[in-house]
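Q: Residue numbers (our numbering): 164 to 304. The beta carbon of each residue, even a glycine, is placed where N, CA and C say it ideally should be. It should be emphasised that the depicted structure is a prediction, and the values quoted were computed from it without experimental measurement. I have a structure here, written as structure tokens, and I will follow up with some questions on it.
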Amino acid sequence: MLKRKKGAIVNIGSGAAIVIPSDPLYAVYAATKAYVDQFSRCLYVEYKNSGIDVQCQVPLYVATKMASIKRSSFFVPSATGYAKAGLRWLGYEPRCTPYWPHQLIWGILYSLPEFAVDAWRYNFCLKIRKRGQLKDSRKKE
């Protein structure tokens, strides 16, 4: 890329590290994604004058096996839907949320007090944990 003076590097971050103030019970995941965001930003600054675009895309939930979301919806795109949105955003900003309904959620979350978002997220994550534990206990029976 340096020889050609042209190229793009796209890293996938997460709203767990950027959009919400904390991601309780998922600290390692959120910290790893925060690293990806900072690493991407540093590379962007280092290589922007070399014709190489470095971007960190920050999705919220996407319907994937990892997220345990089977069906897409207006606020939760399929992997293909997110990828199409992501391709349209190449070359614009070093950090972006290319799927526009995620931008709406981001704006709403930023307008709320952090303590309220923290409390909501903690309770949400506890429910996810309980569902997972219940599913595991059923498998053992």
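#1: So the candidates are Leu-188, Ile-268, Pro-222; which of them puts its Cα closest to the Cα of Gly-244?
#2: Where do the ends of the alpha helix (DSSP H) carrying Val-208 lie?
#3: Run the CB neighbour count on Lys-196, radius 10 Å, all protein chains shown included, and call it buried at 16 or more, exposed below.
#4: Quick test of your reading: Cys-259 and Gln-220, contact by CB under 8 angstroms. State the CB separation rounded to the nearest angstrom.
#5: Measure the CB-CB distance between Tyr-285 and Pro-184 and report whether it falls below 8 angstroms.
#6: Hey, Val-217 and Ile-291: beta-carbon distance below 8 angstroms or not?
A: Here's the rundown:
#1: Among Leu-188, Ile-268, Pro-222, the Cα nearest to that of Gly-244 belongs to Pro-222.
#2: Taken as a continuous stretch (DSSP letters only), the alpha helix (DSSP H) holding Val-208 covers 190-210.
#3: It counts as buried.
#4: Yes, they are in contact, since the Cβ atoms of Cys-259 and Gln-220 sit about 6 angstroms apart, within 8 angstroms.
#5: It is not a contact, given that the beta carbons lie outside the stated cut-off.
#6: Between Val-217 and Ile-291, the gap from beta carbon to beta carbon reaches 8 angstroms or more.
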